[in-house]
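>
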């Protein structure tokens, strides 16, 4: 080659070297897009200039179904939106209809709902943590997390017969009471589970390679997070102390003593991938606290007494939001007084959280996109609905 | 190889058909495309994780369709995704198999009536070998489906069919 | 502040606009060509500070009108407000608020895709969930499912 390195560097500095942007397609079949997301990456060398997400590969017409079904029939479809946190989805929808109809719930129902929702939160975070590790290249934590998740699914299965999609929380109550020995099962699980959080910490979270891959990557500043409407661990990872369970209270969360976990920037900058990831790890601990307190005062009672015979909410509309493992899950329900909802709009947290990806991944390398995507923890069923 | 341990007299000679060996080798290392669509993908992950461990069947998830033998269609196939599923299938090397996992990819599942954007069954775009029912199927159901697929592979024949009938009486 | 107070506050600031208060829901109804201006005020006003858009939904009211519903929340004051815009179905043009709250970007694309509300001034108004060559807006009450899409039969 006639050109020397010095001459080449001179050319680059003077802008004489022609460079082109490269467009790389990622997905919809890609092992680390967590489903069928397609990203169009505009690259300058290996650095990302722009990310254009293309959604809708799993658009299953939830809102159309909601209009065509009666109110209770919608609940199984809410299960299938965020399939990692079906209990929480049920909870949000049931809560919206109950508020629309003005139903008071029995104590026992509220307690069971909180326990189930928190168990589901742990299960969902375990998947998030395991697959995030796998995206980064650590396979073992995935096996550990799925092992613990199976214990939670066993409890769910014993209570309502399903492993993944439960149709458990009905308007005004629950489909089944908990099984005999439920309290012991949950206590045993919590006892067994607490040490494994430390195990995951040792294996993954404080691993030097993992920190190198995630600290200072995909930093999400507070103002951007609020403007984009990010919620859940995304928002808390950026250091905002905001949790709907405490700040827009629903159910009986105000009776328990627990902390809202926020990112502190221990490994790098506040709001990076590591912070978002660690918020999930800490939240599992807090969920254990809530469950333990709920079990201590677990009341007896009848769980079916508030289930209405006929579910026809009066004319009106409501927007209700609950804290999903991924953030704020909102349901906007309009009732025209008939047996079918007039309109149900679901505001999925992943849908909103994902929209920020272009903003936080500019200037990073392609390999970091995988880390950023994993730390957002998307579920495509909820993005596309 | 636990089943074969200490089963032979000395001489180290085993007699079998070429077909039998080839099919046995193939069915014990069916590589799967790691490709999840929806809820069923979580159960597929659970099947490959600690409790169920599908890897003991010689299943290795590969991200590239060109290295795979089996595509598990795990979840709802939408109209937007259908052409991609078809292309992925066409990129796989033959012989290739498709396992349709869950009601959605079998027939549209709960979305069969009002799902304007849902393909009512993946068999409308690619041929399916095994259907696994359930919404979602348990990991055990997927394992059962996998063993059905293995049975199917075990019965393949190298011999050309004559007069439309297989030579050795097998399918 | 409740919706009534916010309405009085806004009505004093925008005397020329036809703002209406719907006491039943409760919500404020804003003309479609003023939502951006009102939105900026809602976001930046010291007393309101409605800095997060929780949800933006398109609605087909089935009476010849389409609507866009904005659910707002203030992180600081912890109060909420519902704002509605109603447009006729023949001329469904609404000003975009995509640059006021960035959340609105994708939500407006979704409302355009499913309901068919056109957001004037949106920088990237494409379909988001349905394929780009999809015809019609599925969440309209009079929508009919097509027989075929790209050679694939759609009904069961």
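Protein chains in written order, with the numbering used here: chain A, 1 to 385; chain B, 1001 to 1171; chain C, 2001 to 2156. Backbone N, C-alpha and C fix where the C-beta goes; we use that ideal spot for every residue, glycine too. These figures come from a predicted structure and were not determined experimentally.
Any idea what DSSP makes of residue 2018 of chain C, helix, strand or coil?
Note: residue 2018 of chain C maps to coil in three-state DSSP.
> CA-CA distance, residue 2093 of chain C and residue 2126 of chain C?
15 Å
> For the region 2137–2154 of chain C, which residues have a CB atom closer than 9 Å to at least one CB atom of chain B, in sequence order?
2138, 2143, 2145, 2146, 2149, 2150, 2152, 2153 and 2154
> Mind pulling the alpha helix (DSSP H) runs of 4 or more residues that sit fully within the region 98–162 of chain A?
107–136 and 140–160, all fully within the region 98–162 of chain A.
> Secondary structure at residue 2007 of chain C, three-state DSSP: helix, strand or coil?
helix
> My understanding is that residue 346 of chain A touches residue 62 of chain A, with C-beta atoms under 8 Å, so please give their C-beta distance in whole angstroms.
6 Å
> Within the chosen definition, does the region 297–310 of chain A reach the region 96–112 of chain A through at least 3 CB pairs nearer than 8 Å?
yes
> State the Cα-Cα distance for the pair residue 2132 of chain C and residue 47 of chain A, rounded to the nearest angstrom.
28 Å
> Got a sec: is the Cβ-Cβ distance from residue 1081 of chain B to anything in chain A below 7 Å?
yes
> For residue 1136 of chain B, does the count of other Cβ atoms within 10 angstroms reach 16, so buried, or fall short, so exposed?
buried
> If we cut at 7 Å on Cβ distances, does residue 1131 of chain B have a partner in chain C?
no
> Output yes if chain B places a C-beta closer than 7 Å to the C-beta of residue 2112 of chain C; else output no.
no
> Tell me the start and end of each unbroken beta strand (DSSP E) in the region 2025–2067 of chain C that is at least 3 residues and wholly inside, in chain order.
2027–2029 and 2052–2060
> Considering only the alpha carbon of each residue, which of A:385, A:370, A:378 and A:381 lies closest to residue 26 of chain A?
A:370
> Please report the residue range of the alpha helix (DSSP H) in which residue 182 of chain A lies.
182–200
> Quick check on residue 56 of chain A - is its C-beta less than 7 Å from some C-beta in chain C?
Taking Cβ atoms only, chain C reaches closer than 7 Å to residue 56 of chain A, which makes this a yes.
> Would you verify that the beta carbon of residue 376 of chain A is, or is not, closer than 7 Å to some beta carbon of chain B?
Closer than 7 Å: no.
> Just how far apart, CA to CA, sit residue 2015 of chain C and residue 21 of chain A?
50 Å
> Output yes or no for whether 7 Å exceeds the beta carbon distance between residue 2129 of chain C and residue 2113 of chain C.
yes
> I need the straight-line Cα distance from residue 323 of chain A to residue 88 of chain A, nearest angstrom please.
In a straight line, the C-alpha of residue 323 of chain A is about 8 Å away from that of residue 88 of chain A.
> Have a look at residue 23 of chain A and residue 1159 of chain B and give me their C-alpha separation to the nearest angstrom.
The alpha-carbon of residue 23 of chain A is positioned some 48 Å away from that of residue 1159 of chain B.
> Please classify residue 382 of chain A: is it buried, with 16 or more other beta-carbons within 10 angstroms of its beta-carbon, or exposed?
With 16 or more Cβ atoms within 10 Å of its Cβ, residue 382 of chain A is classed as buried.
> Leaving out five residues before and five after residue 184 of chain A in sequence, what residues of the same chain have Cβ atoms less than 6 Å from its Cβ?
none
> I want to verify the contact list: residues of chain C whose CB lies under 7 Å from the CB of residue 97 of chain A, in sequence order.
Under the 7 Å cutoff, chain C gives no residues; its nearest Cβ is about 17 Å from residue 97 of chain A.
> Against chain A, does residue 2074 of chain C count as a neighbour if the rule is that its beta carbon must be under 7 Å from one of theirs?
no
> Would you list the residues sitting across from residue 285 of chain A in a DSSP beta bridge?
For residue 285 of chain A, which the question treats as bridged, DSSP gives no partner whatsoever.
> Hey, residue 1025 of chain B and residue 1066 of chain B are a contact pair by Cβ (cut 8 Å); roughly how many whole angstroms apart?
Wrong, their Cβ atoms sit about 20 Å apart, outside the cutoff.
> Whole angstroms is fine: what's the gap from residue 137 of chain A's alpha carbon to residue 359 of chain A's?
25 Å
> Note down, in chain order, every chain C residue with its Cβ under 8 Å from the Cβ of residue 1108 of chain B.
2156
> Is it true that the CB of residue 56 of chain A sits closer than 7 Å to the CB of residue 377 of chain A?
no
> In terms of residue numbering, what span does the alpha helix (DSSP H) encompassing residue 1080 of chain B cover?
1079–1091
> Could you check whether residue 2059 of chain C and residue 343 of chain A sit closer than 7 Å to each other, using their CB atoms as the reference points?
yes
> Can you round the beta-carbon distance between residue 186 of chain A and residue 291 of chain A to whole angstroms, since I take them to be within the 8 Å contact cut?
6 Å
> By how many angstroms is the C-alpha of residue 103 of chain A removed from the C-alpha of residue 172 of chain A?
7 Å
> Closer than 8 Å between beta carbons: that is the criterion. Which residues of the region 1108–1122 of chain B meet it against chain C?
1108, 1112, 1113, 1116, 1117, 1119 and 1120
> Can you give me the start and stop residues for the beta strand (DSSP E) that residue 324 of chain A sits inside?
316–324
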